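Using full-length UniProt numbering, the final residue of the sequence shown is 126, and nothing's skipped along the way.
Even for Gly, the Cβ is constructed at its ideal location relative to N, Cα and C.
Quick caveat, the model's predicted, so the values are computed rather than measured.
Here's the structure, in C-alpha cells; my notes come after.
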Amino acid sequence: MKLLVAIAAFLMTYTISSQDLATFKWQKRLVVLVSSNWESEPVQEQLNLFDLNKKEIEERELLLIKLSPLSKELKNYGIDKSFKGVLLIGKDGELKSRYNMVVQPSTLFELVDNMPMRQAEIRNRH
Numbered sequence: 001m002k003l004l005v006a007i008a009a010f011l012m013t014y015t016i017s018s019q020d021l022a023t024f025k026w027q028k029r030l031v032v033l034v035s036s037n038w039e040s041e042p043v044q045e046q047l048n049l050f051d052l053n054k055k056e057i058e059e060r061e062l063l064l065i066k067l068s069p070l071s072k073e074l075k076n077y078g079i080d081k082s083f084k085g086v087l088l089i090g091k092d093g094e095l096k097s098r099y100n101m102v103v104q105p106s107t108l109f110e111l112v113d114n115m116p117m118r119q120a121e122i123r124n125r126h
C-alpha cells in the first residue's frame with residue numbers, strides 16, 4: 001500500500017532538473033517541495049496529503065514540483081541551500097509563502113483562495 005501511495009504521489013509531481021520555473025509563469029501556481037531525501041517520512045507524508053487532495057489542487061491550478069535544495073532555481077527566490085520544505089509560488093512567478101514540512105493542503109488552499117487572481121477565476125467560473 002505504501003508503494004502504491006508513493007507511486008501515485010510521484011505521478012502527480014513534476015521533477016525539474018535544470019528547467020526554469022519561469023516556464024510556468026501565468027500558467028500554474030507552483031507548490032515546490034524542496035528535499036534531498038524523497039524517501040523521508042515527512043516528504044512521504046506531504047506527498048500523501050497532496051495525493052488525498054488532488055481535486056482541490058487541480059481546481060486551484062497548482063502544479064507540484066520537486067527540487068533539490070541545491071537547485072539554482074531556489075537562488076532566484078532567496079531560498080538558502082539548507083531549506084527543506086514547501087514553497088508556494090503564484091502565477092505571477094512571485095514567492096508567496098514558505099513552510100516547513102508537513103504543511104496541511106488546506107493552509108495552501110486558503111492562501112491561494114484569497115489571492116486576487118484566484119478570486120477572479122472563481123467569479124468568472126460562475
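DSSP-derived helix/strand/coil call for residue i
i: Ile-65; result: strand
i: Arg-29; result: strand
Beta-carbon contacts of residue i that lie in its chain and below 6 Å, excluding the five residues immediately before and after
i: Val-43; result: Ser-35
i: Pro-116; result: none
i: Tyr-99; result: Gly-85, Val-86
i: Lys-25; result: Gly-93
Local Cβ density within 10 Å of residue i, reported as buried at 16 or more and exposed below that
i: Gly-78; result: exposed
i: Ala-9; result: Residue confidence for Ala-9 is low, a pLDDT of 45 falling below 50, so the modelled location carries little weight; the figure read from the coordinates is stated next. Answer is buried; the Cβ neighbour count reaches 16.
i: Glu-39; result: exposed
Own chain residues within Cβ distance below 8 Å of residue i, not counting five before or after
i: Asp-20; result: Glu-73
Task: Within the UniProt domain "DUF4174" (75-121), ranges of the alpha helix (DSSP H) (whole runs, at least 4 residues) - done: 105-113
TODO: Could you tell me whether the stretch 110-125 touches the stretch 66-82, using the rule of 3 or more Cβ pairs below 8 Å?
DONE: no
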